[in-house]
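Here is the structure we will look at.
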Ligand code: FA5
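Residue numbers (the numbering used here): -15 to 322.
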């Protein structure tokens, strides 16, 4: 056996030395150390030798294996260097060419606005809560004073998953989930994705809302207006015209919507703002006593305000974007501007 091993060793070393290219070196490796090589069969047959011969033969096989592996590695380095030299000589690598620039990623404009809005409310003392995107009908509607078959359900073009399960149409269900678990005083914001059967320049089927609500004793509409005015001043600056407009939501009474001067026509009226001069960014109001009853709060003792804003709409107004769909097309020429 010893002789056989020595013979394989010298043949292998010769083949490695003679290899002129990486593929021929690999052929030598397969031939002498591959799974089906004579050397490997010898290794496997060690167990068949008389027990007293095994240590010596085993040690020799191992030494030769290491020697061949080292020879293969060294030769590979030599061949790789030769390859590189050849390429340089043939002018394939022009070291004077400028390197490839590294393209930096940017934070998506919707994420930027969401983070900015959250930051403003966190500094005002609000804390963050979250709820599920796939929601029970109860939290999306019934708990918010919208009973089954009530016409106001039409305000939200709902995508149902099954009878009592849906994709939440707004972040307001988080109000009920938090109030069920906790007692006032509460000052909460709930950011998240919401879903509706909507699609045009200012409506997307998936968009983001930021809900906010505050419950305590003696909370007034003045507190709501003061909080939202401070938010609007911080997010848009002092120059943008905003207005509070009376509105209706089943879960707030009284209710108001906030509009911001249209980006496209600066209030003159155009296609984007449907000739009104304004774009609506949020709904708000004083929490309806029926909502407090649903979560077993005493409406005689507590009062509160709530609001829900559309993050995409705020981003459109801040950045002067006239079509909501641009935010989702992932066109780098658009995204790189933010
Ligand atoms: C609501 O969803 C209420 N839950 C808001 C609310 C919360 C009122 C708490 C009172 C108290 P509304 O359907 O108006 O309301 O939507 C709120 C905002 O989301 C709108 O002002 C608008 O800015 C934005 N929005 C609505 N639909 C879409 C849509 N399809 N795509 C993008 N933004 C939308």
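Beta carbons are placed, not taken as given, at the ideal position from N, Cα and C, and that holds for glycine. The structure presented is a predicted model; accordingly, all values stated were derived computationally and were not measured.
Residue 57 burial status per 10 Å Cβ neighbour count (16 or more: buried) = For the purposes of this step, residue 57 is taken as the residue at position 73 of the chain shown. Burial call: exposed.
key: Nearest-angstrom Cβ-Cβ length linking residue 141 and residue 308, presumed shorter than 8 Å   = The residue labelled residue 141 in the question sits at position 157 within the chain shown. The residue labelled residue 308 in the question sits at position 324 within the chain shown. Wrong, their Cβ atoms sit about 16 Å apart, outside the cutoff.
inquiry  = Taking its Cβ as the centre, do 16 or more other Cβ atoms sit within 10 Å of residue 79, making it buried, or is it exposed?
reply    = Position 95 of the chain shown holds residue 79. Exposed: under 16 other Cβ atoms inside 10 Å.
query = Taking 6 Å as the line, does the beta carbon of residue 296 fall inside it for any heavy atom of the ligand FA5?
reply = The count along the chain shown starts at 1 and reaches residue 296 at position 312. Yes.
task = Consult DSSP for residue 163 and reduce its assignment to one of helix, strand or coil.
result = Indexing the chain shown from 1 puts residue 163 at position 179. In this structure, residue 163 counts as helix in the three-state DSSP scheme.
request  = Measure the C-alpha to C-alpha separation of residue 97 and residue 294 and round it to an integer number of angstroms.
outcome  = Counting from one through the chain shown, the residue named residue 97 turns up at place 113. Counting from one through the chain shown, the residue named residue 294 turns up at place 310. Cα-Cα distance, rounded: 10 Å.
ask   = With contact counted as at least three CB pairs below 8 Å, one residue from each stretch, are the region 199 to 211 and the region 260 to 272 in contact?
value = yes
query = Under 7 Å between the Cβ atoms of residue 12 and residue 0?
reply = For the purposes of this step, residue 12 is taken as the residue at position 28 of the chain shown. For the purposes of this step, residue 0 is taken as the residue at position 16 of the chain shown. Their beta carbons are under 7 Å apart, which means residue 12 touches residue 0 by this criterion.
message = Going by C-alpha to C-alpha distance, which of 39, 177, 278 sits closest to residue -15?
response = Position 1 of the chain shown, counting from 1, holds the residue named residue -15. Closest option to residue -15, Cα to Cα, is 39.
query = For residue 193, which beta-bridge partners are listed by DSSP?
reply = For the purposes of this step, residue 193 is taken as the residue at position 209 of the chain shown. Looking at the DSSP assignment, residue 193 forms a beta bridge with 176, 294.
ask   = Per DSSP, residue 171 is paired with what?
value = Counted from its first residue, the chain shown places residue 171 at position 187. Bridge partners of residue 171: 198.
ask   = Hey, would you say the C-beta of residue 299 is under 6 Å away from at least one heavy atom of the ligand FA5?
value = As a first step, residue 299 must be located in the chain shown, where it is residue number 315. Checking every heavy atom of the ligand FA5 against the Cβ of residue 299, none is found closer than 6 Å.
message = I want to check one thing, is the minimum distance from the CB of residue 184 to the heavy atoms of the ligand FA5 below 6 Å?
response = As a working note, residue 184 is residue 200 in the chain shown. No - the ligand FA5 has no heavy atom lying nearer than 6 Å to the Cβ of residue 184.
key: Secondary structure of residue 29, DSSP reduced to three states   = Sequence index remark: in the chain shown, residue 29 carries index 45 (1-based). Helix at residue 29.
key: Beta-carbon contacts of residue 227 that lie in its chain and below 6 Å, excluding the five residues immediately before and after   = Along the chain shown, read from residue 1 onward, the residue named residue 227 stands at position 243. Hits under 6 Å: 243.
inquiry  = Among 283, 266, 29, whose alpha-carbon lies nearest the alpha-carbon of residue 213?
reply    = Stepping through the chain shown from its first residue, residue 213 is reached at position 229. With distances taken between Cα atoms, residue 213 lies closest to 266.
message = Can you look up residue 48 in the DSSP assignment and give me helix, strand or coil?
response = One-based indexing of the chain shown puts residue 48 at position 64. Three-state result, residue 48: helix.
query = Quick one: what does DSSP say residue 258 is sitting in, helix, strand or coil?
reply = Start at 1 with the first residue of the chain shown, and residue 258 comes out as number 274. The answer is coil: DSSP assigns residue 258 none of H, G, I, E or B.
message = Looking at the ligand ATP, does it come within less than 6 Å of residue 205, judged from the CB to the closest heavy atom?
response = Summarising the ligand content, the structure contains the ligand FA5 and does not contain the ligand ATP.
inquiry  = For a minimum of 4 consecutive residues, which ranges assigned as the alpha helix (DSSP H) are wholly contained in the region 72 to 135?
reply    = 93 to 107, 121 to 124
ask   = How would you label residue 154, buried or exposed, when you count the other beta carbons within 10 angstroms and need 16 or more for buried?
value = Working through the chain shown from its first residue, we reach residue 154 at position 170. Burial call: buried.
key: Beta-carbon proximity check, residue 237 vs residue 229, cutoff 7 Å   = Locating residue 237 in the chain shown gives position 253, where the first residue counts as 1. Locating residue 229 in the chain shown gives position 245, where the first residue counts as 1. Not closer than 7 Å, so no.
query = What's the call for residue 4, buried or exposed, on a 16-neighbour Cβ count within 10 Å?
reply = If you number the chain shown from 1, residue 4 lands on position 20. Classification of residue 4: exposed, given that the 10 Å Cβ count is below 16.
query = Rounded to a whole number of angstroms, what is the C-alpha to C-alpha distance between residue 248 and residue 165?
reply = Along the chain shown, read from residue 1 onward, the residue named residue 248 stands at position 264. Along the chain shown, read from residue 1 onward, the residue named residue 165 stands at position 181. Going from the Cα of residue 248 to the Cα of residue 165 covers about 44 Å.
query = Hey, out of 296, 41, 277, whose CA is closest to residue 127's CA?
reply = Residue mapping note: residue 127 aligns to position 143 of the chain shown, counting from 1. When only C-alpha atoms are compared, the closest one is 277.
request  = Starting from residue 230, follow the beta strand (DSSP E) in both directions and report where the run begins and ends.
outcome  = Residue numbering aside, residue 230 sits at position 246 when the chain shown is read from its first letter. That run of the beta strand (DSSP E) goes 226 to 233.
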